[in-house]
Amino acid sequence: MENVYIVGAKRTPIGSFLGSLKSVSAVKLASLAIRGALEQAQVQPTDVTEVILGNVLSAGLGQGVARQAAIGAGLSIDVPAYSLNMVCGSGLKAVANGMSMIQSGLAQAVVTGGTESMSNAPFLVGGTIRSGRKMGHMNFTDSMLHDGLTDAFEGYHMGITAENVAREFGISRGEQDQFAIRSQEKAIIAQDNGKFVDEIAPVVVETRAGIEEIAEDEYINRTTTLEKMTNLRPVFKADGTVTAANASGLNDGASAIILASGQLAATQQLPIMAEVVAIGQAGVDPSVMGIGPVPAIKKALEVANLTLADIDLFELNEAFAAQSLAVMNELAAESDESVEVLSERVNVNGGAIALGHPIGASGNRILVTLLYELKRRSLTYGLASLCIGGGMGLAVIIKNIED
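Under UniProt numbering, the first residue of the sequence shown carries the number 1, and numbering increases by one thereafter.
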């Protein structure tokens, strides 16, 4: 099979809910990320076979979100595009699909990505209004909650699945808060040291004060402390452990990765950044969806013929501290490593608890961040994985290719 390489990778800054990016649509965010990645990759537009874009909250965005983003990024009208919805895994699944296209010989270069504007998710009116509503009250449905954050099988918030994980795997409130504050601390250090600068494609927005360029992640909380976290009440259960501080946020952002075949990379002398080595995906009980990365990671390692110890850096999407800790505990228990040793290689620049979780973009975003850190440290193997609403997990292993 044809080898698959990453030749370009960019993401937008991550905006807070109703924050600096609230006026920018998911389509526009995606266009900016794709444009930035294409410029970096130096891929000829005529060599791009397809655009695959993850997106969850697509209601109201218009026909063909991926197609709009592709044309907005400057790609030729000859290049087809499609969107996919694998909930939080959407942006990473786009990479998996692009990899399959190239391996099968159906493509030479594929644009993959993910985008979400949770700030712009619309409220919905039930379909019964089409047949007439003569009188009586009507309710709106929040599409963000209903389509993005609610378990379709039990009808409860994703936060309840985190509570289920905390209970089943014995994760305490104290452990969750400690994990969360550490995520914030790592993200602050990373941002202050400019570690995210190279991976970010800035977004220009119009404000009352004029034109402003947004080039930094907005959601990082520089004022929080462990004491403040400890004093917060649980959000989803009165006797629970999941709070607003030890869970990821509601956010806006987009990310894009350009994949190319070995043949195209060689003939066009493209800037190879990494090889996509293996994909792993799995299904788990939806009630504990947060544990999904464990079987997915095992499958990816098996395909790559690697062990947990072979992976130099991990990006595990921090949907909730409870599920992140459970995943690390389970992985460590089935390997020769301690949780302490493993955790030193996980989310070294902070994760979604600090940076944010624009759901359709996050899978792609964590792979972009992983890639840049692998190269910064001149390490070899990296693994990105995340849990997925509905009870699934997805993992991708990449290998750094030095210049």
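Where is the CB? At the ideal position from N, CA and C, for every residue including glycine.
Sequence-distant Cβ neighbours of Thr380 in its own chain, meaning closer than 7 Å and more than five residues away, are Asp312, Lys399, Asn400.
Ranked by Cα distance from Arg167, the options Ser23, Arg377, Val242 are led by Val242. Under DSSP, Phe314 takes part in a beta bridge, and its partners are Val346, Leu383. Beta-bridge partners of Gln281 (DSSP): Leu394. Our two residues, Ala70 and Lys195, have alpha carbons roughly 28 Å apart in a direct line. Nearest Cα to Gly240 within the set Met273, Val56, Glu206, Ala322: Ala322. Minimum Cα-Cα distance from Leu301 among the listed residues Met289, Ala319, Gln281 corresponds to Gln281.
Note on geometry: alpha-carbon atoms of Cys387 and Glu212 lie some 34 Å from one another. A direct Cα-to-Cα measurement between Val235 and Asp47 gives close to 49 Å. In this structure Phe314 is buried. Its beta-carbon is surrounded by 16 or more other beta-carbon atoms within 10 angstroms. The bridge partners DSSP lists for Val125 are Phe140.
Taking C-beta atoms under 8 Å as the contact rule, Ala30 and Leu53 qualify, at a distance of about 6 Å.
Judged by their CB atoms, Val95 and Gly363 are nearer to each other than the 9 Å cut-off. Counting every other CB atom within 10 Å of its CB across the protein chains shown gives Val277 a total of 16 or more, marking it as buried. Between Gly391 and Ser324, the C-beta gap is not smaller than 9 Å, which leaves the two residues out of contact.
For Gly15 against Asn55, the beta-carbon gap comes to about 16 Å, at or over 8 Å, which does not count as contact. In the same chain as Thr225, and ignoring 5 residues on each side of it, the C-beta atoms closer than 8 Å to its own belong to Ile181, in chain order. In the structure shown, Asn221 falls within a coil segment according to DSSP collapsed to helix, strand and coil. Leaving aside the five residues that flank Ile353 on each side, the residues in its chain whose CB is nearer than 6 Å to its CB run, in chain order, Ala180, Ser183, Ser248, Glu318. Taking Ala201 as the centre and dropping the five residues before and after it, the same chain places the C-beta of Lys10, Arg11, Thr12, Leu32, Ala33, Arg35, Gly36, Ala37 closer than 8 Å to its C-beta, in chain order. Within the DSSP bridge table, the entry for His357 names no partner. Counting of Cβ neighbours within 10 angstroms places Arg67 among the buried residues, the total reaching 16 or more.
Per the C-alpha coordinates, the member of Ile214, Gly393, Tyr372, Asn347 positioned closest to Gly283 is Gly393. Cα atoms of Lys28 and Pro122: separation of roughly 17 Å, rounded to the nearest angstrom.
Judged by DSSP secondary structure, Val204 falls within the beta strand (DSSP E) whose first and last residues are 203 to 207.
If you keep only unbroken alpha helix (DSSP H) runs of at least 4 residues inside the stretch 87 to 112, you get 90 to 103. DSSP assignment within the stretch 31 to 65 yields the following whole beta strand (DSSP E) runs of 3 residues or more, N-terminal first: 48 to 54.
Distance from Tyr5 to Ile272 at the Cβ level is roughly 5 Å; contact confirmed, criterion being Cβ atoms closer than 8 Å.
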